[in-house]
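Scroll down for the structure; my scribbles are underneath it.
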Ligand SMILES: Cc1cc2nc3c(=O)[nH]c(=O)nc-3n(C[C@H](O)[C@H](O)[C@H](O)COP(=O)(O)OP(=O)(O)OC[C@H]3O[C@@H](n4cnc5c(N)ncnc54)[C@H](O)[C@@H]3O)c2cc1C
């Protein structure tokens, strides 16, 4: 007879590990299942750092998720005596806020400002001259830049955050099945039967947080809505750190041209190197296949098209690279939707390239939903409504 649980969480990355932690705090009988042993480098949650900000340019409605994530992360930091959130500041630089979209959003700077005003997030709006004065590590400004600066933004440490959530989730009544791959779900009147390559379990509710693999595991129309894209991270060494002063080296997104490809994002130096990256949504990849390793050419292109002449004191040869997967919806917003045939199974895709800063709150909210507990966060904003689907395919 299969072991029974109140809730099973499948996929223990950024969202699933946080969901399991929340279920543990609520005293649920829960199991977390992952095909690997998170944190790992085969999904969407690796590469040392993730930008976080509180006033969310992708939409003011995301801000409560970012604020709640910070609170959960701070709770984990206090419980374990570690640092997961580094508040080094965040700056969004653009030249044409209405003409160039970021994460599918035109007017990103205006929306971030609106979110900051609505939620009382300390921030400054800067022109090119003020940007130059405050952040001399950013070179080559055209002069027509405008920027949103949030001193309380910064970065999260993704691998350590997942590890922390899983450590804190452990208690009697909460089981972990690692290196255990979900094969199928069967919806029966007495529970959802979860067949894996090791064992079979049964749960009243299942939360599917399988990231890029939702494209293989979720029913249509959820799977059809999502595409998976290979992204490359590049680290370049800093040979002159005089401009990258501690306390004045924020994370950043820099839209430097009027074409949507003319943007990149980056982090302050860590261990003598800065990590920078772009995003691409043209080429899809298969999460079940190994991605091509980044080529020297890709790093050269990254350097010449974005870093050269813009980042002070950074050397042109990449010292490290990595690949990672974005799971994107057509509008770049999250998709959180129940199985169309049975609301006991919830599919949670919190990625589209900007999910980490919200992941702990999304995980907590879906855990509360599974137990019928109240949550102060509005998950309906990510529902797969007929109107939303119609907009995508219109
Ligand atoms: C390069 C890159 C940069 C990013 N930068 C930022 C950023 O700066 N700021 C930000 O907020 N967000 C950023 N994001 C987005 C953010 O990292 C993701 O939204 C988030 O990590 C997604 O978490 P997840 O839990 O959905 O997926 P994952 O963390 O990938 O977890 C999915 C888990 O499901 C498991 N799984 C899959 N199939 C099965 C199965 N059959 N059985 C059992 N387990 C299974 C996998 O093993 C995996 O552990 C970035 C993403 C990438 C790739």
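Numbering (our numbering), first residue to last: 6 to 399. Beta carbons are placed, not taken as given, at the ideal position from N, Cα and C, and that holds for glycine. What you are looking at is a predicted structure, and each value in this text was computed from that prediction instead of being measured.
Please report the Cβ distance between residue i and residue j, rounded to the nearest whole angstrom; I am assuming they are in contact, meaning their Cβ atoms lie under 8 Å.
| i | j | result |
| --- | --- | --- |
| residue 341 | residue 371 | 7 Å |
| residue 278 | residue 243 | 6 Å |
| residue 406 | residue 235 | The structure shown does not extend to residue 406, since the chain is modelled only from 6 through 399, so no value can be given for it. |
| residue 167 | residue 22 | 5 Å |
| residue 78 | residue 171 | That belief does not hold up - the Cβ atoms of residue 78 and residue 171 are roughly 14 Å apart, past 8 Å. |
| residue 332 | residue 299 | Between residue 299 and residue 332 the Cβ distance is about 20 Å, and since that is not below 8 Å, they are no contact. |
| residue 355 | residue 20 | 5 Å |
| residue 239 | residue 304 | 5 Å |
| residue 366 | residue 382 | 6 Å |
| residue 246 | residue 273 | Actually they are not in contact, since the Cβ atoms of residue 246 and residue 273 sit about 10 Å apart, beyond 8 Å. |
| residue 90 | residue 82 | 7 Å |
| residue 338 | residue 387 | 6 Å |
| residue 289 | residue 237 | Not a contact, Cβ separation roughly 15 Å. |
| residue 169 | residue 85 | 6 Å |
Are the beta-carbon atoms belonging to residue i and residue j less than 9 Å from one another?
| i | j | result |
| --- | --- | --- |
| residue 56 | residue 111 | no |
| residue 11 | residue 209 | yes |
| residue 254 | residue 163 | no |
| residue 218 | residue 292 | yes |
| residue 54 | residue 362 | no |
| residue 375 | residue 25 | no |
| residue 285 | residue 187 | no |
| residue 165 | residue 335 | no |
| residue 152 | residue 131 | yes |
| residue 269 | residue 296 | no |
| residue 214 | residue 141 | no |
| residue 319 | residue 241 | yes |
| residue 109 | residue 357 | yes |
| residue 226 | residue 345 | yes |
(Q) Could you check whether the stretch 82 to 100 touches the stretch 256 to 268, counting it as contact only if at least three pairs of C-beta atoms, one from each stretch, sit closer than 8 Å? (A) yes
Q.
Threshold first: 4 residues or longer. Then list the alpha helix (DSSP H) segments lying entirely within the stretch 210 to 239, N to C.
A. 219 to 222, 227 to 230, all fully within the stretch 210 to 239.
Q.
Tell me whether the stretch 112 to 127 and the stretch 58 to 66 touch, counting them as touching only if at least three CB pairs, one residue from each stretch, are closer than 8 Å.
A. yes
(Q) Does the contact criterion of 3 or more C-beta pairs under 8 Å hold for the stretch 162 to 181 versus the stretch 16 to 33? (A) yes
(Q) As an exercise, report each continuous alpha helix (DSSP H) stretch of at least 4 residues that is fully enclosed by the stretch 301 to 335, in chain order. (A) 301 to 307
**Q.** Cβ contact (3+ pairs, closer than 8 Å) linking the stretch 198 to 212 and the stretch 303 to 321
**A.** Touching, no, given that fewer than three Cβ pairs across the two stretches are closer than 8 Å.
Q: Write down every uninterrupted run of the alpha helix (DSSP H) in the stretch 351 to 393 whose length is 4 residues or greater and which is fully enclosed by it, in chain order.
A: Those alpha helix (DSSP H) runs which fall completely within the stretch 351 to 393 and span 4+ residues are 361 to 376.
Q.
For the structure I just gave you, are there three or more beta carbon pairs, one from the stretch 77 to 97 and one from the stretch 139 to 154, closer than 8 Å?
A. yes
Q) For the stretch 41 to 114, which segments carrying the beta strand (DSSP E) assignment without a break, of at least 3 residues, lie completely within its bounds, in sequence order? A) Fully enclosed beta strand (DSSP E) runs of 3 or longer: 55 to 57, 95 to 99.
Q: Would you mind listing the beta strand (DSSP E) stretches within the stretch 99 to 187 that are 3+ residues and don't spill past its ends, in chain order?
A: 129 to 132, 151 to 155, 159 to 161, 179 to 182
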